[in-house]
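S.K.:
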Amino acid sequence: MSGSTDPYAKANEEYVPIYATHTDTFMGFEASRDIEGSDAQVVVSGVPFDLACSGRSGSRLGPKGIRAASSNLVWEAVRWPWDFALEDHLKVIDCGDIHFQYGEPESFVTNAEAHACRVLEAGKQMLSFGGDHFISLPLLRAHAKKYGPLALIHFDAHTDTYSGGSKYDHGTVFYHAMKEGLIDIEHSIQIGIRTSFDTETHPLEVLDAAWVNEQGAAAVLERILDRVGDRKAYLSFDIDGLDPSCAPGTGTPVTAGITTDCALKVIRGLKGMDLVGMDLVEVAPSYDHAEITSLAAATLALEFLYLLADRNRKGV
């Protein structure tokens, strides 16, 4: 209900709690593939590709799981702690999933980049649900074509900058992104890392999970703001950046990660930054418990949309 401050407004309008019903789109947003003809500012896209995963497969079901879990969030017209209704300042459509020919990963790379270029050329921003982390590469290629090299804000248990592996590998995505000049290395940052990397030669700033857990969200935000500043930035969130107690449903879980609470505080703290797009990857519902991983992902994605809406509201 536009302009309402009653958090139950949407549920009351429908006469039944929205969270008790199923939604086929993220947050119940309009389903539409008419990207050019829509006046929406943001397009939600599912990218159900997990052929590049080195661990447990299943993140191809991530888009479906995140959309389903978002039905738990729809009822709150004005989401806490924000003080406005998202729909008053941002229009979003869900265009469904990007298609590719199974058994032909090359077709995925081509289709994903073409889809992203189409969305961006139409003047929209992207919110993309993986799929494994390899999906970020074709998406970043499209974003870099439009914006040039981007500052990367990357949450993960792994740096994903490994130079070895196969041509299609979720652990090499940012190695290739750096090699292709898609990201601004000097102004990019990785948060939550807790697996091995060469600290002497690694080109990106890293805030490892132990440091994040000791210092807290405020310290993380200070480092992000100092590193990225007012540059255009792309947000990539691998759900395994969260501790498995918060997000068990993922392909390559690593213990001693950051909490959902910390991640939300950091994301909300990005208010005012020039974020041009976001992907949320590696949600594998088959390994989830009570949808807590999918719900965490849906909540983080919704906060990203509030960041965009807040900029619109302030005329930025």
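Taken in order, the sequence shown gives residues 1 to 316; the numbers are from the UniProt record's numbering. Even glycine gets a Cβ: it sits at the ideal position worked out from N, Cα and C.
#1: Tell me the rounded alpha-carbon separation between F304 and L275.
#2: When the Cα atoms are used, what is the spatial distance from G251 to G148?
#3: For the segment 232 to 274, which segments carrying the beta strand (DSSP E) assignment without a break, of at least 3 residues, lie completely within its bounds, in sequence order?
#4: Under three-state DSSP, which class holds H158?
#5: Give a yes or no on whether the C-beta atoms belonging to D132 and S45 are separated by under 8 Å.
#6: Is DSSP giving D310 helix, strand or coil here?
#7: Does the beta-carbon of A114 have 16 or more other beta-carbons within 10 angstroms, so that it is buried, or is it exposed?
#8: Using a 10 Å radius around the Cβ and a threshold of 16 neighbouring Cβ atoms, would you call P285 buried or exposed?
#9: Following the continuous beta strand (DSSP E) through S163, name the residue where it begins and the one where it ends.
#10: Got a sec? Which residues, its chain only, sit under 6 Å from S32 by beta carbon, not counting five neighbours each side?
#11: Enumerate, from N- to C-terminal direction, the unbroken beta strand (DSSP E) stretches of 3 or more residues contained entirely within the segment 64 to 125.
#12: How would you write the range of the alpha helix (DSSP H) that L139 sits in, first residue to last?
#13: What is the DSSP secondary structure of A298, reduced to helix, strand or coil?
#14: What does DSSP give as the partner residue(s) for S128 in the beta ladder?
#15: On a CA-only basis, which of F49, L86 and W80 is nearest G28? Give me that one, please.
#16: Checking 8 Å against the spacing of the C-beta atoms, do G65 and E282 come in under that value?
#17: Mapping the DSSP letters down to three states, classify G315 as helix, strand or coil.
#18: Give the DSSP bridge partners of V206, in chain order.
#19: According to the Cβ coordinates, are L235 and L73 closer than 8 Å?
#20: Taking its Cβ as the centre, do 16 or more other Cβ atoms sit within 10 Å of S245, making it buried, or is it exposed?
M.R.: Reading off the structure:
#1: 9 Å
#2: 31 Å
#3: 233 to 238
#4: coil
#5: no
#6: helix
#7: exposed
#8: buried
#9: First-last for S163: undefined, no H or E at that position.
#10: S38 and I93
#11: 92 to 97
#12: S136 to Y147
#13: helix
#14: S45 and D279
#15: L86
#16: no
#17: coil
#18: Q190
#19: no
#20: exposed
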